[in-house]
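**Student:** Right, I'll just put the structure down here and ask away after.
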Amino acid sequence: MTGIVVRASERVIAAEFFELLKTPWEFFQTGKQYDVLICTSEELPCEAAPLSLVFGGEQMPFDSEQKKQVRPHAGGFVLSDEGKRLPIYGTVASFSGNSNSLLTLEGTNEPAAYVSRCGGATVLRIGYNLFSEVRFLLTEGQPTENSVIPTLDEHIACLRGWITLAGIPLVEVPPVPVGYKFMACLTHDLDHPVMRNHWCDHTMYGFLYRATIGTLRDVFRRRKSLGSLRKNLEAVCLLPFVHLGLAKDFWRGFDRYLEMVEVPGSTFFVIPRSDYAGRTSEGPAPSLRRCRYEVDQLAPQLRRIVAAGGEIGLHGLDAWLDNDEGRKEREIVSRAVGVSIRGVRMHWLFFDSNSPAALDQAGFDYDTTVGYRETVGYRAGTAQAYKPPGATKLLELPLHVMDTALFYSSYLRLREQEAEGLVWRLMDDAERSGGALTINWHDRSIAPDRLWEDFYLKMLRELRSRGAWLPTSSKAVAWFRSRRAAVIESARSPGGALRVQGRAKTSEEVPGLQIRIHKPRAQSLAEATASRKRAEFVDVPFAGTTELNLAI
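Read in order, the letters of the sequence shown are residues 0 to 551 in numbering that gives the first Met the number 0.
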């Protein structure tokens, strides 16, 4: 059991952190004994555990007792002795002493952590406030220059690593469904699903330019093939006949996404109103945010998607600002599709600190807006669903990969080989840490002029080969909720045996949970550099009530 000693203002964010690192824990109770204490408070009851991890970027009473000089720095990167590079967004402290540390500042090599004793207990003093960092990641989010670093997941990995290096086993419910390596949610924003709705407007002229001059330029630069040029020129020639109703609308094939996966699990987000740009916090949104289709126009396709096992969500316009508008927008799409809408992603990814509460009050089960428009990666620093500050029930399923961010000239403008390297790197992270990699491939990205279907199919094959579960967004969120509801307890006997008890509800809709026992990697932190072992763990599936007794 881990005891948490924090300031009152940190209790909510600390509790959310331990939904992400799902290990037995409680807020510290005087008189109880723990395996580990995690402390950001000035009070350190180190006698209550054999190991205390003390976090803070400023001088703390324990530093004065240890006669340590503390130098605060305004953020930066810290490096672990195991090669992790971790951005710190608040104050980070360096300490006097030699540089042979578990954690050092990048550039200066100054120690950002030190190991000491407090009575009979070991104390690892770490030079940043863990829960301040978590709060920043789940509210402000990372700048784009650090987008490819899963910072919150790395904080979890560091904490887990320090505990096991101290000779203490760690028990958790990992963010990994039984039978799979990780999850991947395939999502599709329906922005412009009907070419016939666009006549002599910005969208049609943009299509004509990209399908002709833009594609020809990309062929000369070896960014597109002659086959792509041929397909786009054919679409340009068909355009008048599409508007006359004499040829098939080449943008109206978004339901083909269902045919591309063996078990349909895609989620499609639908705009509730035609020719309405919505609002910003200052006034009307730019007119280019308008979409020109009515939900009823797509209703037959959307109902077929639901019948085949896919999901329909809201691609919201004003729901992020106003819970009443959120309810109205949700009802419009629910009525057209014939099922209750559970999830939302805001159009153009509009979002602010009040949005979680507004969407929560509007009755949404989850949001999947938090991500980047201009790049890919981890805005919130994690691949796990989390409860954002301000929400009571709503979970946030963060967005990681968007097609336009990869390939648009105004964003990353990557070649396919470059995009593969970047997206596959995120898959590597997911295999290592678990969670759900959320991908957004727009409705017309498999149609002229974009023609990004081949990359999407290659990405699907790679996800399958890596053992990913490909659920709808709502099923992924349901799995995370089952994990959050699970209860695990652990206790160590004086002889070293570990007793673990777990309770969890099962559902046929989603895969099961598992208990993971991380084995100790060294006898103590003082000996960790010389004698550490590689990380090892044991996974045991569990459902209902499970009890384990293991010799560690």
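Using N, Cα and C, we set each Cβ at its ideal position, and we do this for glycine too.
If you draw a straight line from the C-alpha of threonine 437 to the C-alpha of cysteine 184, how long is it?
**Tutor:** 5 Å
**Student:** In the DSSP output, what is glycine 315 paired with across the bridge?
**Tutor:** Met345
**Student:** Under DSSP, the alpha helix (DSSP H) around threonine 138 begins and ends at which residues?
**Tutor:** 129-138
**Student:** Determine the DSSP secondary structure at cysteine 184, reduced to helix, strand or coil.
**Tutor:** strand
**Student:** How is the beta strand (DSSP E) around glutamine 513 delimited, first residue to last?
**Tutor:** 512-517
**Student:** How would you label histidine 201, buried or exposed, when you count the other beta carbons within 10 angstroms and need 16 or more for buried?
**Tutor:** exposed
**Student:** On a CA-only basis, which of Arg460, His197, Val369, Ala112 is nearest arginine 289? Give me that one, please.
**Tutor:** It is His197.
**Student:** If you run the structure through DSSP and keep just helix, strand and coil, what is histidine 191?
**Tutor:** In this structure, histidine 191 counts as coil in the three-state DSSP scheme.
**Student:** How big is the Cα-Cα spacing for proline 285 and aspartate 274?
**Tutor:** 12 Å
**Student:** Would you mind working out which of Ala542, Pro60, Ala484 sits nearest phenylalanine 17, comparing C-alpha positions?
**Tutor:** Ala484
**Student:** Could you tell me if serine 63 is buried or exposed, where buried requires 16 or more neighbouring beta carbons within 10 angstroms of its beta carbon?
**Tutor:** exposed
**Student:** Go through the stretch 432-515 residue by residue and report every complete run of the beta strand (DSSP E) that reaches 3 residues or more, in order.
**Tutor:** Taking only runs of at least 3 residues, the beta strand (DSSP E) segments lying wholly in the stretch 432-515 are 435-439, 486-491, 496-503.
**Student:** Hey, out of Thr90, Phe363, Asp538, Met194, whose CA is closest to alanine 246's CA?
**Tutor:** Residue Met194 is the option with its Cα nearest to alanine 246.
**Student:** Three or more C-beta pairs closer than 8 Å, one from the stretch 537-549 and one from the stretch 500-516: is that the case here?
**Tutor:** yes
**Student:** Within the chosen definition, does the stretch 334-343 reach the stretch 362-374 through at least 3 CB pairs nearer than 8 Å?
**Tutor:** The stretch 362-374 and the stretch 334-343 touch, with three or more beta-carbon pairs separated by less than 8 Å.
**Student:** Can you give the Cα-Cα distance for leucine 257 and glutamine 383, rounded to whole angstroms?
**Tutor:** Looking at the two C-alpha atoms, the distance is approximately 25 Å.
**Student:** With 16 as the cutoff for other CB atoms within 10 Å, does valine 122 come out buried or exposed?
**Tutor:** buried
**Student:** Which residue marks the beginning of the beta strand (DSSP E) containing valine 77, and which one marks its end?
**Tutor:** 69-79
**Student:** Checking 9 Å against the spacing of the C-beta atoms, do valine 172 and arginine 482 come in under that value?
**Tutor:** Result yes, Cβ atoms of valine 172 and arginine 482 sit closer than 9 Å.
**Student:** Taking only the alpha-carbon atoms, compute the straight-line gap between glycine 277 and leucine 137 and give it to the nearest angstrom.
**Tutor:** 25 Å
**Student:** Going by the DSSP bridge assignment, what does threonine 121 pair with across the sheet?
**Tutor:** According to DSSP, which records beta bridges pairwise, threonine 121 is partnered with Leu50, Arg116.
**Student:** With DSSP run on the structure shown, which of helix, strand or coil describes serine 93?
**Tutor:** In this structure, serine 93 counts as strand in the three-state DSSP scheme.
**Student:** With a Cβ-Cβ cutoff of 9 Å, do aspartate 453 and glutamate 415 count as a contact?
**Tutor:** yes
**Student:** Given that a residue counts as buried once 16 or more other Cβ atoms are within 10 Å of its Cβ, and exposed if not, what is glutamine 141?
**Tutor:** With 16 or more Cβ atoms within 10 Å of its Cβ, glutamine 141 is classed as buried.
**Student:** Which residue marks the beginning of the beta strand (DSSP E) containing proline 540, and which one marks its end?
**Tutor:** 536-541
**Student:** Given a cut-off of 9 Å, decide if valine 269 and valine 332 are closer than it, judged by their beta-carbon atoms.
**Tutor:** yes
**Student:** What residue range does the beta strand (DSSP E) around glycine 370 cover?
**Tutor:** Note, glycine 370: premise wrong, no beta strand (DSSP E); not H, not E.
**Student:** Return yes when the Cβ of alanine 111 is within less than 9 Å of the Cβ of proline 49, no when it is not.
**Tutor:** no
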